[in-house]
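K.L.:
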Amino acid sequence: MFGSDKHKSPRHGGHAVETLIGPRAVIRGDVGFTGGLYVEGTIYGKVTAEDGSAAVLTIADDGHIEGEVRAPVVVISGRMTGDIHAGERIELAANARVNGNIHYKVVEMAAGAMITGRLIHADAPLAQLTGPEAAPAGGRVKGKAEAQEA
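Every letter in the sequence shown is one number past the one before it in full-length UniProt numbering, and letter 97, counting from 1, is 97.
1. Below 8 Å on the Cβ atoms is my contact criterion, and I expect asparagine 95 with threonine 81 to pass it. Report the Cβ-Cβ distance as a whole number of Å.
2. Tell me whether glutamate 88 sits in a helix, a strand or coil according to DSSP, three-state version.
3. Are the Cβ atoms of glutamate 68 and aspartate 83 separated by less than 8 Å?
4. Taking the alpha-carbon positions, what's the arginine 28 to aspartate 123 distance?
5. Please state whether DSSP places glutamate 66 in a helix, a strand or coil.
6. For isoleucine 102, which residues in the same chain have their Cβ closer than 8 Å to its Cβ, ignoring the five residues on either side in sequence?
7. Looking only at its chain, what residues have a beta carbon closer than 7 Å to the beta carbon of valine 31, apart from the 5 residues adjacent to it on each side?
8. Out of curiosity, what's the CA-to-CA distance linking isoleucine 65 and alanine 55?
9. I'd like the list of long-range same chain contacts for glutamine 148, defined as Cβ closer than 6 Å, with 5 residues on each side in sequence excluded.
10. With DSSP collapsed to three states, give me the class of glycine 28.
11. Going by DSSP, which residues form a beta bridge with threonine 81?
12. Which one of Arg70, Arg97, Gly78, Thr34 has the shortest CA to CA distance from lysine 105?
13. When you compare only the Cα positions, how much space is there between aspartate 62 and valine 75?
14. Could you give the distance in angstroms between the alpha-carbon of glycine 41 and the alpha-carbon of threonine 58?
15. The beta strand (DSSP E) that contains glutamate 40, what's its start and end?
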């Protein structure tokens, strides 16, 4: 009756959920995880997937994270305040609210999702991120003719 099913993880959105932060839970501090982390409550701190793991972070409709996030796959339906580093993919549902920069390889965004910050592709060169007004440590940018003479 219970046999082989007792070790199976429930699935949400096609991803196995191994850890659940309930709707009334508030965590103050950094969280490290592997597998599936489903957040219905609030986390104040950095949320980081173990390097090399096939981890998935899901922020539910009423979930909220305030801090940096690093995971291969990030799925957001709730609120996120801080930078996101999605190593593989980020999915933003229609009611997702992100206040921070999103570093991604692949992004899926539903109509209605809101981002206050920048979308930064993982392969974007540094020059595109900093813009022409950014100067090297010396403070002066050499023109083409000056660079050839130097």
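Glycine is no exception: its CB is placed at the ideal position from the N, C-alpha and C atoms.
The structure displayed is predicted, hence computed values, not measured ones.
P.N.:
Here's the rundown:
1. Within the sequence shown, residue 95 is the residue found at index 95, counting from 1. Within the sequence shown, residue 81 is the residue found at index 81, counting from 1. In fact, because the Cβ distance is near 15 Å, the residues do not count as touching under 8 Å.
2. As a working mapping, residue 88 is identified with position 88 in the sequence shown. Glutamate 88: strand per DSSP, three-state reduction.
3. What you label residue 68 is simply residue 68 of the sequence shown in a count that begins at 1. What you label residue 83 is simply residue 83 of the sequence shown in a count that begins at 1. Contact flag set, yes.
4. Locating residue 28 in the sequence shown gives position 28, where the first residue counts as 1. Locating residue 123 in the sequence shown gives position 123, where the first residue counts as 1. Taking the straight line joining both Cα atoms gives about 33 Å.
5. Residue mapping note: residue 66 aligns to position 66 of the sequence shown, counting from 1. Residue state, collapsed to three classes: strand.
6. Mapped onto the sequence shown, residue 102 falls at position 102. The answer, listed in chain order, is Asp83, Ile84, Ala86, Ile90, Ile115, Gly117, Arg118, Leu119, Ile120.
7. Numbered from 1 along the sequence shown, position 31 holds the residue referred to as residue 31. The residues are Ile43, Gly45, Val47.
8. As a position in the sequence shown, residue 65 is number 65, starting the count at 1. As a position in the sequence shown, residue 55 is number 55, starting the count at 1. Taking the straight line joining both Cα atoms gives about 17 Å.
9. On the sequence shown, position 148 is the one that residue 148 refers to. Since pLDDT at glutamine 148 reaches only 42, below the 50 mark, its modelled position is unreliable, and no value is offered.
10. Position 28 of the sequence shown, counting from 1, holds the residue named residue 28. The question names glycine, but residue 28 is arginine in the sequence shown. In the structure shown, arginine 28 sits in a strand (DSSP, three-state: E or B).
11. Position 81 of the sequence shown, counting from 1, holds the residue named residue 81. Bridge partners of threonine 81: Glu66, Asn99.
12. Taking the sequence shown and counting its residues from 1, one reaches residue 105 at position 105. The candidate whose alpha carbon is nearest that of lysine 105 is Arg70.
13. By one-based count along the sequence shown, residue 62 stands at place 62. By one-based count along the sequence shown, residue 75 stands at place 75. When rounded, the distance between both Cα atoms is 13 Å.
14. What you label residue 41 is simply residue 41 of the sequence shown in a count that begins at 1. What you label residue 58 is simply residue 58 of the sequence shown in a count that begins at 1. In a straight line, the C-alpha of glycine 41 is about 11 Å away from that of threonine 58.
15. The count along the sequence shown starts at 1 and reaches residue 40 at position 40. Per DSSP, glutamate 40 belongs to no beta strand (DSSP E) and is neither H nor E.
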